[in-house]
Amino acid sequence: MRFLTFLLAWAVKAAAIVLTIVVLNFCLIRLAPGDVATVLAGESGAADPEFLARTRAEFGLDKPLAAQLLTYVGNVLTLDLGVSYRTRRPVADMVLERLPATLMLTGAAFVFALLVGPALGVLAAIRARRPADTAITVLALLFYAMPIFWVGLILILVFSVTLGWLPPFGMRSIIPPVGDVARALDVPRHLVLPTLTLGLFYVAIYARLTRGAMLETAGLDFVKTARAKGLPEWRVVGAHVFRCAMLPIITFAGLQAGHLVGGAIVAETVFAWPGIGRLAFDALLQRDYNLLLAVFLASAVAVVLINFATDLLLRIADPRIGAGR
Amino acid sequence: MTAILRLEDLAIGLPPGADRSHAVAGLSLEIAPDEVVCLVGESGSGKSLTAHAVMGLLPKGLPVSGRIHFEGRDVLTLPERERRRLRGARMAMIFQEPMAALHPIMRIGDQIAEVFRFHGRPDRGGTRVLDLLESVGLPDPPLIRRARPFELSGGQRQRAMIAMALALDPVLLIADEPTTALDVTTQAQILALLRTIRARRAMAMLLITHDIGVVAEMADRVAVMHEGRLVESGPAEAVLGRPAHAYTRRLLAAVPRLAPRPHRGEALGETVLSADRIAKRYATRGGVLRPRRVVQAVADASFALRRGETLGIVGESGSGKSTLARILVRLLGADAGTVRLAGVEGNLLALGGRRLKPVRRRIQMVFQDPFASLNPRRKVHQIVAQGLLAHGVDPGTARQRVDELLRLVGLDPAAAERFPNEFSGGQRQRIGIARALALEPEVLVADEPVSALDVSIQAQVLALLAEIRDELALAMLFITHDLRVAAQLCDRVAVMRRGEIVEIGATADVLFAPRHEYTRLLLASVPGRARFDGA
Amino acid sequence: MTFRQGFAHNRGALAGLAVLIGVVVLAAAAPVLFPFDPWDSRGAPLLPPGGAFAFGTDMLGRDVIAGIFHGARVSLFIGVVSTLFAVALGVVIGAVSGYFGGAVDDVLMRFTELFQTVPSFVLAVLLVAILTPGLASIVLAIAVVTWPPVARLARSEFLTLRHREFVEAAVLSGVSTPRIILVELLPNALTPIVIMASLMVATAILTESALSFLGLGDPNHISWGYMIGAARAVFRQAWWLSVFPGLAIFLTVLAINLVGEGLTDALNPHLRRRGATP
Numbered sequence: 002m003r004f005l006t007f008l009l010a011w012a013v014k015a016a017a018i019v020l021t022i023v024v025l026n027f028c029l030i031r032l033a034p035g036d037v038a039t040v041l042a043g044e045s046g047a048a049d050p051e052f053l054a055r056t057r058a059e060f061g062l063d064k065p066l067a068a069q070l071l072t073y074v075g076n077v078l079t080l081d082l083g084v085s086y087r088t089r090r091p092v093a094d095m096v097l098e099r100l101p102a103t104l105m106l107t108g109a110a111f112v113f114a115l116l117v118g119p120a121l122g123v124l125a126a127i128r129a130r131r132p133a134d135t136a137i138t139v140l141a142l143l144f145y146a147m148p149i150f151w152v153g154l155i156l157i158l159v160f161s162v163t164l165g166w167l168p169p170f171g172m173r174s175i176i177p178p179v180g181d182v183a184r185a186l187d188v189p190r191h192l193v194l195p196t197l198t199l200g201l202f203y204v205a206i207y208a209r210l211t212r213g214a215m216l217e218t219a220g221l222d223f224v225k226t227a228r229a230k231g232l233p234e235w236r237v238v239g240a241h242v243f244r245c246a247m248l249p250i251i252t253f254a255g256l257q258a259g260h261l262v263g264g265a266i267v268a269e270t271v272f273a274w275p276g277i278g279r280l281a282f283d284a285l286l287q288r289d290y291n292l293l294l295a296v297f298l299a300s301a302v303a304v305v306l307i308n309f310a311t312d313l314l315l316r317i318a319d320p321r322i323g324a325g326r
Numbered sequence: 237m238t239a240i241l242r243l244e245d246l247a248i249g250l251p252p253g254a255d256r257s258h259a260v261a262g263l264s265l266e267i268a269p270d271e272v273v274c275l276v277g278e279s280g281s282g283k284s285l286t287a288h289a290v291m292g293l294l295p296k297g298l299p300v301s302g303r304i305h306f307e308g309r310d311v312l313t314l315p316e317r318e319r320r321r322l323r324g325a326r327m328a329m330i331f332q333e334p335m336a337a338l339h340p341i342m343r344i345g346d347q348i349a350e351v352f353r354f355h356g357r358p359d360r361g362g363t364r365v366l367d368l369l370e371s372v373g374l375p376d377p378p379l380i381r382r383a384r385p386f387e388l389s390g391g392q393r394q395r396a397m398i399a400m401a402l403a404l405d406p407v408l409l410i411a412d413e414p415t416t417a418l419d420v421t422t423q424a425q426i427l428a429l430l431r432t433i434r435a436r437r438a439m440a441m442l443l444i445t446h447d448i449g450v451v452a453e454m455a456d457r458v459a460v461m462h463e464g465r466l467v468e469s470g471p472a473e474a475v476l477g478r479p480a481h482a483y484t485r486r487l488l489a490a491v492p493r494l495a496p497r498p499h500r501g502e503a504l505g506e507t508v509l510s511a512d513r514i515a516k517r518y519a520t521r522g523g524v525l526r527p528r529r530v531v532q533a534v535a536d537a538s539f540a541l542r543r544g545e546t547l548g549i550v551g552e553s554g555s556g557k558s559t560l561a562r563i564l565v566r567l568l569g570a571d572a573g574t575v576r577l578a579g580v581e582g583n584l585l586a587l588g589g590r591r592l593k594p595v596r597r598r599i600q601m602v603f604q605d606p607f608a609s610l611n612p613r614r615k616v617h618q619i620v621a622q623g624l625l626a627h628g629v630d631p632g633t634a635r636q637r638v639d640e641l642l643r644l645v646g647l648d649p650a651a652a653e654r655f656p657n658e659f660s661g662g663q664r665q666r667i668g669i670a671r672a673l674a675l676e677p678e679v680l681v682a683d684e685p686v687s688a689l690d691v692s693i694q695a696q697v698l699a700l701l702a703e704i705r706d707e708l709a710l711a712m713l714f715i716t717h718d719l720r721v722a723a724q725l726c727d728r729v730a731v732m733r734r735g736e737i738v739e740i741g742a743t744a745d746v747l748f749a750p751r752h753e754y755t756r757l758l759l760a761s762v763p764g765r766a767r768f769d770g771a
Numbered sequence: 010m011t012f013r014q015g016f017a018h019n020r021g022a023l024a025g026l027a028v029l030i031g032v033v034v035l036a037a038a039a040p041v042l043f044p045f046d047p048w049d050s051r052g053a054p055l056l057p058p059g060g061a062f063a064f065g066t067d068m069l070g071r072d073v074i075a076g077i078f079h080g081a082r083v084s085l086f087i088g089v090v091s092t093l094f095a096v097a098l099g100v101v102i103g104a105v106s107g108y109f110g111g112a113v114d115d116v117l118m119r120f121t122e123l124f125q126t127v128p129s130f131v132l133a134v135l136l137v138a139i140l141t142p143g144l145a146s147i148v149l150a151i152a153v154v155t156w157p158p159v160a161r162l163a164r165s166e167f168l169t170l171r172h173r174e175f176v177e178a179a180v181l182s183g184v185s186t187p188r189i190i191l192v193e194l195l196p197n198a199l200t201p202i203v204i205m206a207s208l209m210v211a212t213a214i215l216t217e218s219a220l221s222f223l224g225l226g227d228p229n230h231i232s233w234g235y236m237i238g239a240a241r242a243v244f245r246q247a248w249w250l251s252v253f254p255g256l257a258i259f260l261t262v263l264a265i266n267l268v269g270e271g272l273t274d275a276l277n278p279h280l281r282r283r284g285a286t287p
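Residue numbers (this note's numbering), protein chains in the order written: chain A, 2 to 326; chain P, 237 to 771; chain G, 10 to 287.
Structure below.
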């Protein structure tokens with residue numbers, strides 16, 4: 002019953018968020034200099050008023066604002082996001098085509114960051130103020146301060162250009178590699194550097210956060226109780242300190258989901274990864290706002306879904322939340 | 237019979253930069269099997285650190301020297317692995333705040349089963365956990381086993397803690413202020429439980445407490461600590477009845493006696509404040525899918541207060557006494573009721589903005605927490621003078637008033653230039669009193685003003701409040717959970733339970749010839765009455 | 010321990026402060042040391058570091074070190090100004106929400122939550138792209154996507170402080186509401202907000218560099234991110250074009266983070282001093 006309530010509340014929240022973003026999108030279109038007609042006119046070189054009027058009518062831009070908004074919202078709800086100003090293809094198709102690549106990259110980076118970051122943080126907390134802690138803290142500080150695109154470029158410089166270990170661009174080799182193993186490893190090999198690039202920043206964040214949460218939790222009374230019970234140290238750290246310290250980390254991971262999707266744009270641009278980030282960059286260069294807005298909407302939906310997943314995880318990890326406390 | 241625990245010349249150092257070099261020094265103490273020893277002292281006396289040293293739970297970096305003989309071995313020389321085997325098995329510990337001391341999200345049953353499991357005696361089938369829960373008087377053990385701490389009441393949590401400590405039949409139980417965070421009736425139940433257990437199991441108990449009542453209730457022997465040293469120890473009767481050391485005598489003298497005080501009815505003036513059927517409900521804000529929950533915080537509370545009189549409002553946590561106080565000073569709105577203040581037209585609770593301000597200065601408040609009640613970023617003179625300045629007194633005059641007020645509450649006027657963090661809890665409470673007196677109120681509402689203070693400081697602040705009340709003919713509403721304090725200071729007492737005043741009358745009647753059964757229960761719960769107050 | 014002692018005790022924070030002062034000097038000295046437009050071609054293209062050009066030249070013969078010096082101005086300007094806007098907006102929303110509570114709080118917090126859920130960098134990209142790239146649009150975009158955490162922090166601070174006993178005492182003393190907010194609440198809420206703001210400057214600089222890298226920088230002002238983005242096509246041959254501006258961003262952001270952590274360490278124990286007796 003409580004779980005049903007939770008699902009329902011989430012559905013309401015998600016709908017509100019998506020609807021707001023759709024409206025925001027519409028407002029942004031109106032803010033943009035010129036409209037689809039002038040863009041197309043500029044392209045074809047035919048700027049005569051008749052052409053402009055015809056195109057505007059074609060895209061429904063001659064109707065009142067409120068009617069346009071309604072049409073827009075209605076279109077979005079039926080997954081009709083309009084056509085690209087450039088390719089004349091429906092942008093929804095273009096985005097859906099590219100979405101798997103982005104999900105693969107962000108997913109890999111998220112998992113990488115969530116596995117490595119907290120592990121390093123725990124290690125640092127256990128070894129607080131000793132060399133291992135110092136090393137982890139310094140590394141986290143360094144990666145926290147590096148721009149993502151720069152990390153990508155340096156990784157390419159080192160691992161592709163100099164060492165030749167990993168491919169620098171794209172998702173697949175242009176000439177498919179020979180052999181089953183090599184073929185199976187083609188995409189994963191391409192995935193390594195973009196994942197590192199996108200993930201290292203979050204590894205740094207999670208490591209710092211985990212270390213802090215672990216040290217703070219270690220000072221709480223119930224940890225003293227665990228020791229007073231005669232539990233071995235590994236049990237105290239694992240079942241008592243870490244189990245409680247990870248709660249703020251899950252919350253934070255959910256909040257950071259939006260940033261992760263944003264970071265994907267940059268990482269995909271650096272590595273020419275064929276995802277929606279790369280699509281956004283191209284749309285940006287060509288001022289293809291319709292496409293850009295579709296990417297924005299898709300990424301917002303992705304964030305809502307990740308938030309849902311982390312909220313669910315948090316409910317499982319912290320029974321106090323479901324009980325209304 | 238040989239001692240189960242023998243401390244010899246125990247010393248615990250403090251990190252450099254602390255106010256003294258040792259938290260504990262030269263401490264020698266013995267506990268026989270089947271004996272309850274109370275280690276008593278005020279905050280900073282080192283009593284709690286001593287208990288932690290015995291368990292091997294001191295924070296890292298505090299040097300320990302001396303010997304701690306436990307069952308014939310000096311545990312300080314044992315490797316950590318051996319000490320771990322003792323903890324939870326041969327010696328166990330319970331703490332002050334059970335909510336904080338229990339794992340916040342692990343099931344109670346799992347927390348207890350852990351003890352069995354990691355001492356190599358897993359509780360297969362879980363019957364021993366159920367037996368334990370039953371033995372500490374918890375209702376419905378199968379349900380409690382699956383519950384998590386936040387689903388239990390404070391008393392139930394402490395019972396669960398005790399069950400956990402008793403899991404492997406330890407020979408020594410260390411209880412560090414085990415009832416300090418609990419209400420008085422719950423405290424009485426937990427103390428009774430500890431007595432039963434001890435009778436049943438023949439187990440030595442080291443009880444750390446600051447509360448002389450608890451000592452009188454529980455102790456076979458008493459050890460008094462002051463500033464890290466043992467000043468006196470001996471059989472409870474002797475130490476409580478004929479204290480040998482000057483510090484012990486001072487400590488005992490500071491504890492208010494639960495005895496009738498002389499009636500001062502004739503000295504009282506006319507009625508200043510009267511409250512009629514005040515009511516207040518709290519409702520949690522309901523969401524789309526969340527039901528509202530309503531709590532009646534104050535229900536039809538009525539009373540009158542005369543000049544020079546002190547009315548005590550006593551009750552346990554959640555009884556609505558603090559809510560009532562905040563309604564009277566208009567920090568909270570009431571749902572219904574009338575408050576009349578002498579010389580003011582109409583209902584005080586209905587006065588709006590401009591008409592309220594001049595009335596406000598006539599009712600002032602002293603708060604509970606001496607740390608949270610002073611703005612850490614303002615100097616003492618700014619804090620005390622804020623009301624004067626807000627009411628248009630010029631800065632020069634206000635400054636002079638501050639000096640007078642500080643002298644009145646027993647502080648050096650030089651204190652005015654310092655920040656609150658440079659003062660101790662008792663001094664801060666004096667500053668808070670000076671602030672409340674600055675506007676020359678006729679009514680002073682004091683909300684648990686001494687409950688955060690050590691007993692000797694508490695005695696001083698209570699004496700100060702009584703002195704000021706008499707000197708300025710103040711009417712005082714004194715909120716407290718402590719019946720001893722109420723008995724010492726109040727002319728009349730109102731007993732609150734779940735928002736209702738169940739009994740109100742002269743202190744001598746209410747506290748010494750109670751009519752309502754709840755009042756009787758409260759009085760019966762006050763620890764140490766039989767031995768300490770001779771009641 | 011006073012604030013200054015606490016800060017001076019932290020070697021990382023001191024080093025950060027030194028680097029940060031260095032960057033400020035860089036920015037201030039740019040027009041004096043390189044009194045020309047950093048967009049101008051000054052020599053042969055793609056000269057490696059050393060010789061007449063300490064950090065080499067790019068594909069159009071522009072002096073890289075001149076770009077680094079002038080770029081410091083943009084980074085610092087955007088970092089500080091966008092943070093100021095975001096903090097101002099966040100504090101106002103958070104303070105109103107926390108002080109008044111109730112329905113006001115509900116509405117404002119839903120609004121804040123919404124903005125926090127939106128993928129912030131994507132929104133920033135959109136805003137800058139649609140408003141046409143420039144210092145103003147970049148500042149606006151960064152401020153729009155970074156204020157929600159400030160609002161949440163300010164709200165929680167005001168909410169707890171609102172019910173502190175010293176605030177209630179001020180109410181009883183007849184102190185006016187504006188004065189209570191300014192004198193009793195704000196100074197006590199400020200410390201964590203200042204700490205957060207110091208770290209936000211670093212994030213803002215990172216965001217600006219990413220925007221410029223994607224070609225959304227102000228076309229009239231050279232910036233570090235732009236330099237790296239523009240040199241991407243040739244970065245295999247001319248490593249110095251990405252390495253030096255990247256180091257500049259990295260060191261600046263690192264320095265600000267170190268200073269921010271120094272502030273945290275030095276300010277927090279001061280606040281947490283209460284009630285720690287065993």
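Think of the CB as a built atom: it goes at the ideal place given N, C-alpha and C, for glycine as much as any other residue. Predicted, not measured: the structure shown is a model, and the values here were computed from it.
Residue i, DSSP secondary structure in three states
{"i": "D187(A)", "result": "helix"}
{"i": "E270(G)", "result": "helix"}
{"i": "T286(G)", "result": "For T286(G), the predicted model reports a pLDDT of 27, less than 50, meaning its position is unreliable; a value from the coordinates is still stated below. In the structure shown, T286(G) sits in coil (DSSP, three-state: anything other than H, G, I, E or B)."}
{"i": "P91(A)", "result": "strand"}
C-beta neighbour in chain G for residue i, strict 8 Å
{"i": "K593(P)", "result": "yes"}
{"i": "A771(P)", "result": "In this prediction, A771(P) has a pLDDT of 48, which is less than 50 and means its spatial position is unreliable; nothing more can be read from the coordinates."}
{"i": "V508(P)", "result": "no"}
{"i": "R671(P)", "result": "yes"}
{"i": "N308(A)", "result": "yes"}
Min CB distance residue i to chain A below 8 Å
{"i": "L547(P)", "result": "no"}
{"i": "P142(G)", "result": "no"}
{"i": "Q351(P)", "result": "The question names Gln, but residue 351(P) is Val in the sequence shown. Closer than 8 Å to some Cβ of chain A, the Cβ of V351(P) qualifies, so yes."}
{"i": "R20(G)", "result": "no"}
8 Å Cβ cutoff, residue i in contact with chain P
{"i": "P249(A)", "result": "no"}
Under 7 Å from the C-beta of residue i: neighbouring residues of chain P
{"i": "F223(A)", "result": "A336, A337, L338, H339, P340"}
{"i": "S165(G)", "result": "Going along chain P, no residue has its Cβ under 7 Å from S165(G), so there is no contact; the nearest lies around 16 Å."}
Through-space distance from residue j to residue i, alpha-carbon basis
{"i": "D181(A)", "j": "A273(A)", "result": "25 Å"}
{"i": "F253(A)", "j": "G108(A)", "result": "16 Å"}
Proximal residues of chain P, C-beta to C-beta of residue i below 9 Å
{"i": "D319(A)", "result": "P340, I341"}
Beta-carbon neighbours of residue i, restricted to chain A and to distances below 9 Å
{"i": "N315(G)", "result": "Outside the displayed span of chain G (10 to 287) sits residue 315(G), for which this structure offers no information."}
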